[in-house]
Amino acid sequence: AKLADVTESISFLEEQLKSIKEKILEVEEDMEQLIAASTSLYTNYLLLRSIKGIGIINAIVLLCVTDNFQRFDNPRKFACYCGVAPFEHTSGISIRGKTQTSSLANKEVKVYLTRAAITAISWDPQMKAYYKRKIAEGKHKASVINAVRAKIIARSFAVIRRQTPFVTLAV
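Number 74 in the UniProt record's numbering belongs to position 74 of the sequence shown; there are no gaps in the numbering.
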């Protein structure tokens, strides 16, 4: 009797998972339709999607947070806003600490950028080579992921500024 209950529970959960995945696809399609209603938004959306690591959600988040790249005029300012840009920790002229990112950052955007960075490390040969090289140099993984986040921000601003899709060069 217990095995039958477990089997029934598993099939119920599988149905729930299938239903949730279908709803997620519907919401993503709705978001894409809303973006497609504006030519400039849709153009920038497609440009962002050309960057490995940036999917539907990341592209939409970047477009919303940057107000279609009108709110920030350079990637460094946006990196500061997201808590990606490191700052030197100094006190007066003598005490120097390690560089650190701001705790006042928009942490929600930082989470999306982290997911994009991890995806980019997996799928983009340039990012993968960069990540492996920095780890081999003895850098901490979190520090390298932060650098990849900064590279994704820089790539995002570059494709929008140039209005051309991102092209991955051979490593």
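The C-beta atom is built at its ideal place from N, Cα and C for all residues, glycine as well.
Source: prediction; values computed, not measured.
Pairwise C-alpha distance: residue j and residue i
{"i": "D30", "j": "D67", "result": "19 Å"}
{"i": "E15", "j": "E8", "result": "11 Å"}
{"i": "P125", "j": "A142", "result": "19 Å"}
{"i": "P75", "j": "R162", "result": "14 Å"}
{"i": "I152", "j": "K23", "result": "29 Å"}
{"i": "I160", "j": "I20", "result": "33 Å"}
{"i": "P86", "j": "S122", "result": "24 Å"}
{"i": "H140", "j": "N146", "result": "10 Å"}
CB contact flag (residue i, residue j, <8 Å)
{"i": "A150", "j": "V84", "result": "yes"}
{"i": "I54", "j": "A117", "result": "no"}
{"i": "L41", "j": "L62", "result": "no"}
{"i": "I57", "j": "S156", "result": "no"}
{"i": "V148", "j": "A120", "result": "yes"}
{"i": "V144", "j": "Y131", "result": "yes"}
Per-residue DSSP class, three states only, for residue i
{"i": "E137", "result": "coil"}
{"i": "T164", "result": "coil"}
{"i": "Q70", "result": "coil"}
{"i": "I54", "result": "coil"}
Boundaries of the alpha helix (DSSP H) in which residue i is found, first to last residue
{"i": "S19", "result": "K2 to A36"}
{"i": "K110", "result": "K107 to W123"}
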